[in-house]
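Participant:
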Amino acid sequence: MTAHTTAIQTPVRHTLWDAPKKASVLVVELLAGLNPLVVNRLREMGLEPGQQLLSLGRGPFNGPLVVQIQDCVYTLERQVAQHILIQPQL
Amino acid sequence: MKKIVLVGKPNSGKSLLFNQLTGLRQKVANYPGVTVELKSGRFEQFELIDYPGAYSLSSLSRDEEIAVSKLNDALQDPATALVICNLDATRLESSLMFGLQVQALARRQQKAVVFALNMADELQRFGHQLDTVALSAALGSPVFAISAKTLLGIHEFRQGVLALASAAEPAVPSADHGDEQALRDLSRSLSRQYGIQASLVLKNQNRIDAFMLNNLSGGLAFLAVMFLLFQSIFTLAAPLMDAVEAGIGALAQFVTGFIGAGTTTDFLNDAIFGGVGSFLVFVPQIMMLTLIIGLLEDSGYLARAALICHRPLSFFGLSGRSFIPYLSGHACAIPAIMAARTIESPRKRLITMMTIPLMACSARLPVYALLISVLIPERAYLGGLVNLQGVAFFGLYMMGIVIALLVSLMLSRFVISRDEKSDMPFILELPNYRLPHWKPLIVRVISAAKSFVYRSGPVIFAVTVLIWLFGYFPHDAGGLEHSYLGQIGHFIEPVFAPLGLDWRYGVAILMSFLAREVFVGALGTLFGIDGADENIAGLAANIQADGLALGAGVGLLLFYVVALQCVATVATIRAETGSNRIAVGLVVGYGLLAYALAYLAANLL
Ligand SMILES: Nc1nc2c(ncn2[C@@H]2O[C@H](COP(=O)(O)OP(=O)(O)OP(=O)(O)O)[C@@H](O)[C@H]2O)c(=O)[nH]1
Ligand SMILES: [Mg+2]
């Protein structure tokens, strides 16, 4: 068996939901599919491309995500956090 | 009268500032979304209006919608002299944006604006100096650093506000900061320049949350807090209740000994000490409940509890945001139903409002406490840590919650339809942990007791006097059974007989549709007339001596867990939902369910 290691780079899409605990990440994009009112609110909370976030982990029982945005800590439910595309901060 | 409006982000200390300026006592608590309607008061020659908090001019929830639309109205109104923009000085970055939006709006309407940077005491604690002069120049409106808690800078602020509001020419913001994007950039750069570092402010909070929101310790902490809450209402208040009971007994002895036997003494013993007195015994419990809920509200933990409950509550068609209305429903359903305005999803809000009446509100406390002490022996385990009656209490609270969850599940699955706004997601800010603000808390505890007495006192007094009159006369006919009341009672008895209850309980239940706690006063009077030995205030003992079957007693408890017997609650539901059908439907539905459960208990146990 020959190993075909031609890496077809499917970029792994990390969302905020999957961000590890205590990780500092950057917002890449807000994915389509959320209610426009909610998107607007998220933007006003500072969830914009380029914004730095500190993921504080998920609540008990796989509960909502806790994240620090600027000088506030918010909890976001899964459905929202999965619409926020991030990349780890280097 | 000229008006001053007070707006800002949720939980930024608006209501505490309002209270300090007006001397009123609006509710202040440490979670976002406490104020859900406009509240006004007098500040010198002005009318000061406290607004619900809002994160932004485009609102998500009902309370924000009220804040934003009423702010627009106020800006159009020629009587509005000044807009106070209250910001959390420790979180400039996230609060300046809304401040700038409001400022731009006010500028367009040629209204004066002043910024109050609240919580300056916390900045001081971190040794941070806020340059209000430079900030005010950059913003183009006056800026004051204040603390509504320690009153730091409040004197200057008062003077400033009075001067600005009475000025002939309004101090319209001098600078136009541009469009939304420009505002966002400005708020960012200003907060970098003048604000305190976020990591400093959030350090403690995040450290505590690492424990409180951890999978294991967080879950355990939540259960412990809830158990202590409900257990302590009973155990901690018990000695105080005994003291009140003893006091009333002693007073009765003294007064009646003074007057001597006769109709007056009978009246005092039965109606006043037996009826009204048996309800005063519960005042310490009301105070304890208010104290503990107040401590939780001040601590900042409730937002965490909402987070922890979000997933389990979602299963039942509710939101994590339903948690706080549910919890405050244990004090009184009316403010709790109003508090449901903070739930973004209208559907979840409706379900929450419809099930809040099942929370064991403080009017049920006297009924529960009485029946528990009749039915459950007083026994303690683990060296007094767990008390059997306390556990029964806890069980009744839980039962209310469990039934509410089941009803929610049914409503969300089968009754209330979905619409596009129904899936508004759960987003909640977690406030800083804070130590209790003792002075307002103590005041609140005392006023809870007062309002319990003032609200129910007159009703209970009237009912007990009426019951006594009808139950005592004709006096020579051979006792209660043959009194006027007895004759009426026998007429309604068939309704309650299937529940294993005689007509005296029937009368007390019917009377308690005026207010639940009337049940205790009414029974107290009835057993007082009946009791041969005039054993005052020992109502539980009297009932035990009279004999109340376990099944019937448990049925009676279940009846009170479920039945919606509060006119004011029904009126609030009607007002908040705008629907007569829902209000009437709930009374009938819960009434039937209550009766059915009581029937089952009486016949199966
Ligand atoms: N340390 C400190 N705490 C404050 C100050 N002002 C308010 N607080 C606390 O902040 C919390 C929120 O206060 P509220 O007055 O209820 O805030 P609000 O802006 O009316 O909140 P909403 O009605 O939810 O919009 C409470 O726990 C207050 O005790 C202050 O100047 N210093
Ligand atoms: Mg408020």
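Chains A and B supply the protein sequences, listed in that same order. As numbered in the working numbering, residues 26 to 115 make up the first sequence, in order. As numbered in the working numbering, residues 811 to 1415 make up the second sequence, in order. Glycine is no exception: its CB is placed at the ideal position from the N, C-alpha and C atoms. Keep in mind it's a predicted model, so treat the numbers as computed, not measured.
At a Cβ threshold of 7 Å, is E874/B touching chain A?
Facilitator: Not closer than 7 Å to any Cβ of chain A, the Cβ of E874/B fails to qualify, so no.
Participant: Taking three-plus beta-carbon pairs below 8 Å as touching, is the stretch 1118 to 1132 of chain B in contact with the stretch 1214 to 1228 of chain B?
Facilitator: The stretch 1118 to 1132 of chain B vs the stretch 1214 to 1228 of chain B: in contact.
Participant: Got a sec? Which residues, its chain only, sit under 6 Å from A1412/B by beta carbon, not counting five neighbours each side?
Facilitator: So the qualifying residues of the chain are L1309, G1310, G1361, A1362, G1365.
Participant: Can you give me the C-alpha to C-alpha distance between A1048/B and T100/A, rounded to a whole angstrom?
Facilitator: In a straight line, the C-alpha of A1048/B is about 39 Å away from that of T100/A.
Participant: Check K837/B in the structure and name its three-state DSSP category.
Facilitator: The answer is coil: DSSP assigns K837/B none of H, G, I, E or B.
Participant: Is any heavy atom in ligand 1 found nearer than 6 Å to the beta carbon of P1135/B?
Facilitator: Checking every heavy atom of ligand 1 against the Cβ of P1135/B, none is found closer than 6 Å.
Participant: Quick one: which residues of the stretch 1097 to 1126 of chain B get their C-beta closer than 9 Å to a C-beta of chain A? List them in chain order.
Facilitator: Against chain A - using a Cβ distance shorter than 9 Å - the residues of the stretch 1097 to 1126 of chain B are A1113, R1114, A1116, L1117, I1118, C1119, H1120, R1121, P1122, S1124.
Participant: Starting from the beta carbon of Y865/B, find every residue of chain A whose beta carbon is closer than 8 Å, and list them in chain order.
Facilitator: By Cβ distance, chain A contributes R66, E69, M70.
Participant: My guess is that Y841/B and L1112/B are in contact by the Cβ rule of under 8 Å, so how many angstroms apart are they, rounded?
Facilitator: That pair is a contact at about 5 Å.
Participant: Quick check on DSSP: helix, strand or coil for G1335/B?
Facilitator: Correcting the residue type first, residue 1335/B is Thr in the shown sequence and not Gly. The answer is helix: DSSP assigns T1335/B an H, G or I state.
Participant: With a CB to CB cut of under 7 Å and the five nearest residues on each side skipped, what residues in its chain are close to F1283/B?
Facilitator: Taken in chain order, the residues that qualify are S1293, Y1294.
Participant: Drop a sphere of 10 angstroms on the beta-carbon of L1038/B, count the other beta-carbons inside from all chains shown, and report buried for 16 or more, exposed for fewer.
Facilitator: It counts as exposed.
Participant: Measure the beta-carbon distance from A891/B to K813/B and round it to whole angstroms, keeping in mind my assumption that it falls under 8 Å.
Facilitator: Yes, A891/B and K813/B are in contact; Cβ-Cβ is about 6 Å, under 8 Å.
Participant: Using the three-state DSSP reduction, which class does T890/B fall into: helix, strand or coil?
Facilitator: Three-state DSSP puts T890/B in a strand.
Participant: In chain B, which residues lie with their C-beta within 8 Å of the C-beta of D96/A?
Facilitator: Simply T900, R901, L902, E903, S904, S1001, G1005, A1008, V1011, L1012.
Participant: Can you list the residues of chain B that V91/A reaches, using a CB-CB cut of under 8 Å?
Facilitator: Under the 8 Å cutoff, chain B gives D1019, L1023, L1117, L1240.
Participant: Pull out every residue of the stretch 96 to 111 of chain A whose Cβ sits closer than 8 Å to any Cβ of chain B, in chain order.
Facilitator: Answer set for the stretch 96 to 111 of chain A: D96, C97, V98, Y99, T100, L101, E102, Q104, V105.
Participant: Quick one: is the Cβ of N65/A within less than 6 Å of any heavy atom of ligand 1?
Facilitator: No; taking the cut-off as 6 Å, the Cβ of N65/A has no heavy atom of ligand 1 nearer than that.
Participant: Which residues bound the alpha helix (DSSP H) around K1260/B?
Facilitator: K1260/B -> alpha helix (DSSP H) spans 1248 to 1282.
Participant: Going straight from the alpha carbon of N1345/B to that of G1338/B, what length do you get?
Facilitator: Per-residue confidence for N1345/B stands at a pLDDT of 47, beneath the threshold of 50, marking its modelled position as unreliable; the derived number appears in the next sentence. Looking at the two C-alpha atoms, the distance is approximately 8 Å.
Participant: Mind checking who I94/A pairs with in its DSSP beta bridge?
Facilitator: I94/A is bridged to L78/A, C97/A.
Participant: Can you tell me whether DSSP reads R1151/B as helix, strand or coil?
Facilitator: DSSP places R1151/B in helix when its eight states are reduced to three.
Participant: Using a Cβ-Cβ distance cut-off of 7 Å, determine whether L62/A contacts chain B.
Facilitator: It does: the Cβ of L62/A has a partner Cβ on chain B nearer than 7 Å.
Participant: Mind checking whether the beta-carbon of E1019/B lies closer than 6 Å to any heavy atom of ligand 1?
Facilitator: Strictly speaking, residue 1019/B in this sequence is Asp, with Glu absent from that position. D1019/B Cβ: outside cutoff for every heavy atom of ligand 1.
Participant: Run the proximity test for K849/B: is its beta-carbon closer than 6 Å to any non-hydrogen atom belonging to ligand 3?
Facilitator: Ligand 3 is absent from the structure shown, which contains only ligand 1 and ligand 2.
Participant: Check this for me: beta carbons of V924/B and L881/B, under 7 Å apart or not?
Facilitator: Going by C-beta atoms, V924/B is not nearer than 7 Å to L881/B.
Participant: In the DSSP output, which residue or residues are listed as bridge partners for C1171/B?
Facilitator: Its beta-bridge partners do not exist; DSSP assigns none.
Participant: Run the proximity test for L1100/B: is its beta-carbon closer than 6 Å to any non-hydrogen atom belonging to ligand 2?
Facilitator: Note on identity: in this sequence residue 1100/B is Thr, with Leu being the wrong assignment. No.
Participant: Excluding the 5 residues flanking G1005/B on each side, which residues of the same chain have their C-beta closer than 7 Å to its C-beta?
Facilitator: If we look at G1005/B and ignore the five residues flanking it on each side, its Cβ neighbours are L902, E903.
Participant: Can you tell me the Cα-Cα spacing of A1347/B and A1307/B, whole angstroms?
Facilitator: Here the model assigns A1347/B a pLDDT of 48, short of 50, so the residue's position is not dependable, and the following value carries that caveat. Distance between the alpha carbons of A1347/B and A1307/B: 27 Å.
Participant: Comparing the CB of L826/B with every heavy atom of ligand 1, is any distance shorter than 6 Å?
Facilitator: Yes, the Cβ of L826/B comes within 6 Å of a heavy atom of ligand 1.
Participant: Whole-angstrom Cβ separation of M1234/B and V63/A, contact assumed at under 8 Å?
Facilitator: At roughly 7 Å, the Cβ-Cβ gap stays under 8 Å, so M1234/B and V63/A are in contact.
Participant: Mapping the DSSP letters down to three states, classify E1344/B as helix, strand or coil.
Facilitator: Legend: pLDDT at E1344/B = 48, less than 50; position of this residue unreliable, value from coordinates given subsequently. E1344/B: coil per DSSP, three-state reduction.
Participant: Helix, strand or coil for C1119/B? Go by DSSP, reduced to three states.
Facilitator: The answer is helix: DSSP assigns C1119/B an H, G or I state.
Participant: Enumerate in chain order the residues of its own chain whose CB-to-CB distance from P1167/B is below 6 Å, with the five nearest sequence positions on each side excluded.
Facilitator: Within the same chain, P1167/B has close Cβ partners A1143, L1374, T1379.
Participant: Grab the span of the beta strand (DSSP E) containing E54/A for me, first residue to last.
Facilitator: Element bounds for E54/A: 49 to 55.
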